[in-house]
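**Student:** The structure's right below; bear with me while I get my questions together.
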């Protein structure tokens with residue numbers, strides 16, 4: 001029996017991307033994102049169907065993005081101080097309760113723009129803390145396996161995120177057209193609850209800060225900004241470029257595209273889901289390309305070292 005346990009531990013060490021904790025992390029994040037994207041799809045369709053207004057639709061989308069922009073840096077600070085598994089479990093569980101409470105309110109009072117916007121903002125607040133926490137969990141898992149394994153792990157996470165964003169488009173269009181918004185809220189509740197249950201079994205200790213005195217959250221945030229500007233200026237420039245590109249594209253991809261398909265052209269939710277899903281295929285292809293590049297890097301580095309010797 002001891003031999004079997006030892007062999008299992010050796011396999012986990014040799015194949016970190018197949019380790020129990022990484023699989024649970026990927027599954028939990030994928031299921032959670034699937035539920036979240038399913039809900040966003042349903043709410044977007046409802047707002048366009050009920051109002052037909054690009055202005056109202058854009059307003060709801062904008063206020064749900066603001067918490068992510070403002071709070072994501074503080075999510076990273078929290079992830080450096082509190083057990084990351086605890087954060088992920090708590091956030092997904094709270095998200096499930098929030099959507100359940102919203103469903104009860106909607107059932108008694110009906111769907112309203114203000115109530116939908118409130119729910120979306122609260123979910124965005126929770127998501128702003130969960131995304132940096134999940135990203136910070138990877139270095140903790142793969143600290144002993146080197147940067148190449150880290151790149152592969154990030155590529156796997158990106159693939160799962162793209163697939164989890166892709167499926168709600170195809171599936172959500174059909175479900176919304178056939179059953180409406182209520183079934184999709186149920187799917188979201190189950191997804192958040194299931195993700196929280198899976199994440200309970202991830203083995204992650206508290207962040208190791210050594211014996212150093214912890215700075216205040218604001219000082220931690222300032223230190224991170226200074227590090228990017230002074231020590232990693234190229235990374236900082238890349239972030240600014242990505243932000244500018246996202247700012248330009250989000251207007252059409254987030255607002256103009258669904259408004260054109262649903263309101264201007266008059267196609268139903270099924271057609272919009274297929275169109276949106278096809279766009280997501282490019283993201284999946286990009287994630288797989290990144291994973292392939294990371295795998296080639298792992299193979300080429302030892303060869304380069306041999307030639308140097």
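Numbering (UniProt numbering), first residue to last: 1 to 309.
Beta carbons: idealized from backbone N, C-alpha and C, even for Gly.
Where residue 34 and residue 280 are concerned, what is the direct C-alpha to C-alpha distance, given to the nearest angstrom?
**Tutor:** Looking at the two C-alpha atoms, the distance is approximately 13 Å.
**Student:** At what residues does the alpha helix (DSSP H) containing residue 92 begin and finish?
**Tutor:** 84-109 is the span of the alpha helix (DSSP H), which, as asked, contains residue 92.
**Student:** Looking at the structure shown, is residue 72 part of a helix, part of a strand, or coil, going by DSSP?
**Tutor:** Helix.
**Student:** Does DSSP put residue 256 in a helix, a strand or coil?
**Tutor:** Residue 256: helix per DSSP, three-state reduction.
**Student:** Under DSSP, the alpha helix (DSSP H) around residue 231 begins and ends at which residues?
**Tutor:** No alpha helix (DSSP H) holds residue 231; DSSP gives it neither H nor E.
**Student:** To the nearest angstrom, how far is the alpha carbon of residue 324 from that of residue 27?
**Tutor:** This structure cannot settle anything about residue 324, because the visible part of the chain is limited to 1 through 309.
**Student:** To the nearest angstrom, report how far apart residue 173 and residue 288 are at their CA atoms.
**Tutor:** Cα to Cα, residue 173 sits roughly 25 Å from residue 288.
**Student:** How about residue 276 and residue 196: do their beta carbons lie closer than 7 Å?
**Tutor:** Contact flag unset, no.
**Student:** From residue 39 to residue 52, what distance separates their C-alpha atoms?
**Tutor:** Rounded to the nearest angstrom, the two C-alpha atoms are 19 Å apart.
**Student:** Going by DSSP in three states, residue 206 sits in which element: helix, strand or coil?
**Tutor:** Three-state result, residue 206: coil.
**Student:** Sorted by chain position, which residues of the same chain lie with C-beta nearer than 7 Å to residue 150's C-beta, five sequence neighbours on each side aside?
**Tutor:** Result list for residue 150: 138, 139 and 142, in chain order.
**Student:** Going by alpha carbons, who is nearest to residue 67 out of 274, 198, 98 and 119?
**Tutor:** Checking every option, the nearest Cα to that of residue 67 belongs to 119.
**Student:** Grouping DSSP H, G and I as helix and E and B as strand, with all else coil, what is residue 293?
**Tutor:** Here residue 293 sits in helix by DSSP.
**Student:** Taking 7 Å as the threshold (beta carbon to beta carbon), is residue 69 in contact with chain D?
**Tutor:** Looking for chain D here will not work: only one protein chain is present.
**Student:** What is the rounded straight-line gap between the Cα of residue 44 and the Cα of residue 194?
**Tutor:** C-alpha separation (whole angstroms): 24 Å.
**Student:** From residue 182 to residue 267, what does the alpha carbon distance come to, in whole angstroms?
**Tutor:** Roughly 21 Å between the two C-alpha positions.
**Student:** Thinking just about the alpha-carbon of each residue, which of 88, 262, 89 and 245 is nearest to the one in residue 177?
**Tutor:** Checking every option, the nearest Cα to that of residue 177 belongs to 262.
**Student:** To the nearest whole angstrom, what separates the beta carbons of residue 99 and residue 64, a pair I think is in contact under 8 Å?
**Tutor:** Going by Cβ atoms, the distance from residue 99 to residue 64 rounds to 14 Å, so no, they are not a contact pair.
**Student:** With distances taken between CB atoms, is the gap from residue 198 to residue 17 smaller than 7 Å?
**Tutor:** Contact: no.
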